[in-house]
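One structure below.
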Amino acid sequence: MNTEPTSSQATVPQGAPLVSIVAPCYNAGKYLEEAIHSLFAQDYPNIEVIVVDDGSTDDSLAMLRQLQQTYDFQLYAQENQGVSAALNHGLKYAKGTYVATPDLDDVMLPHSIRVRAHYLDEHPQVGCVGALIVYMDSEGRTIKEQQHDHLQVHTFDDLLRNAAVIGAPTALYRMSALRDAGFYDPQLRVQDFQITLRIAHQGYEIHELPICVTRYRRHPNNLSRKYRLMLKTDLQAIEPYRDHPGYESARTVLVHKALKYAVVEDRKEAWQLLRSIPWRHWNKTSFKRLRRLVLRLPMTRTKS
């Protein structure tokens, strides 16, 4: 699995475009120092870092102010409004040609910005380039690595149909693509799925590199584990495309994702979610969720 760039990727052109790293923060105090350090350990020569505290209730804001004594970043604070609103706030001050939106409980690998910025330099039709992640636990121990052996190219149709997302920890956006997409809808508190679709819907290509660029931290507070909120906001994200042929397929994928947790945590809700899937859209995943629900099987780590 590639976690280091090839020699051709290692060359940074003179006059490299400015990359704005806009990082939302909410109660990430335990991980802030390591995360901020990784942003300033990038081997790309032209970055600015903007941090927006989204109404943290722990000591995050105080820690960020202390870290400003060591690291040169802009810091803004707002009442808690969600990640999308925090990113919009930070983007008001961003001057970069490209934009990264890492979470401050993750760790960005040193080559992360360089390999993705270089790729956008060479592919002007691409509005967002993603990559792969290394999963770690709350204490920083590696769990597993994502693996692909080839570049993946996504269109709006397949992104919607498969409810696919370029996760914020690996996404590098072209600022003009974010602008054309109207930035983030602040009413949708989960950001990466909506912006993936919004950029692709503008006609930009979305590419994904077969190289790990970020260490993603799994812990109980991950937003991805709050399945009710995720389902609600993901369904809102696809609502503008209800007339698209891929809409029902997307909805089924999203319900399946929520069911993975609902069958364990709330059986009544799980039955309701299963019944909401039109019979013509049932597939092997639907029956897998049904089987787990009926037999009360424990949840295991799977890719589906």
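In our numbering, the protein residues as written are -7 to 296. Here a beta-carbon is modelled for each residue, glycine too, at the ideal position from N, C-alpha and C.
Expected contact under 8 Å - CB spacing of residue i and residue j to nearest Å
i: A229; j: L265; result: So it is not a contact: roughly 17 Å between Cβ atoms.
i: V75; j: R181; result: 6 Å
i: Y219; j: A262; result: Not really, about 11 Å apart at Cβ, beyond 8 Å.
i: L124; j: V205; result: 7 Å
i: D50; j: G21; result: 5 Å
i: G122; j: T147; result: Going by Cβ atoms, the distance from G122 to T147 rounds to 14 Å, so no, they are not a contact pair.
i: P9; j: Y90; result: 6 Å
i: Q66; j: V43; result: 7 Å
Selected residue, minimal CA-CA separation from residue i, among the options
i: W274; options: T244, K252 and R284; result: T244
i: Y18; options: A86, Q34 and L96; result: L96
i: R85; options: L112, V41, I28 and S104; result: According to the sequence provided, residue 85 is Tyr. The question's Arg does not apply to it. Residue V41 is the option with its Cα nearest to Y85.
i: V11; options: L31, D50, A169 and I39; result: I39
i: S48; options: E26, F32 and A78; result: A78
i: D258; options: V126, K280 and R284; result: R284
i: D98; options: D113, D129, V107 and H110; result: D129
i: I135; options: K276, V126 and D141; result: V126
Straight-line Cα distance separating residue j from residue i
i: Q70; j: W271; result: 45 Å
i: T93; j: Y208; result: 13 Å
i: Q179; j: L223; result: 14 Å
i: Q194; j: L287; result: 45 Å
i: R234; j: I187; result: 17 Å
i: A2; j: K252; result: Low confidence applies to A2: its pLDDT is 43, below 50, so where it sits in the model is not reliable enough to give any reading.
i: I191; j: G119; result: 7 Å
i: L282; j: H199; result: 34 Å
i: I13; j: V256; result: 37 Å
i: G88; j: L164; result: 11 Å
i: H115; j: M55; result: 38 Å
i: P16; j: L151; result: 25 Å
According to DSSP, residues forming a beta bridge with residue i
i: Q66; result: I42
i: R281; result: Answer is none; R281 lacks a bridge partner.
i: M100; result: T206
Can you give, in chain order, each stretch of the alpha helix (DSSP H) that sits fully within the region 155 to 205 and has at least 4 residues? Within the region 155 to 205, the complete alpha helix (DSSP H) runs of at least 4 residues are 167 to 172 and 184 to 193.
Suppose only complete runs of 3+ residues qualify. What are the beta strand (DSSP E) ranges in the region 118 to 149, listed by chain order? For the region 118 to 149, whole beta strand (DSSP E) runs of length 3 or above, ordered along the chain, are 118 to 128, 134 to 137 and 144 to 146.
Give, in chain order, every unbroken run of the beta strand (DSSP E) that is at least 3 residues long and sits entirely within the region 228 to 281. Secondary structure within the region 228 to 281: not one fully enclosed beta strand (DSSP E) run of 3 or more consecutive residues is present.
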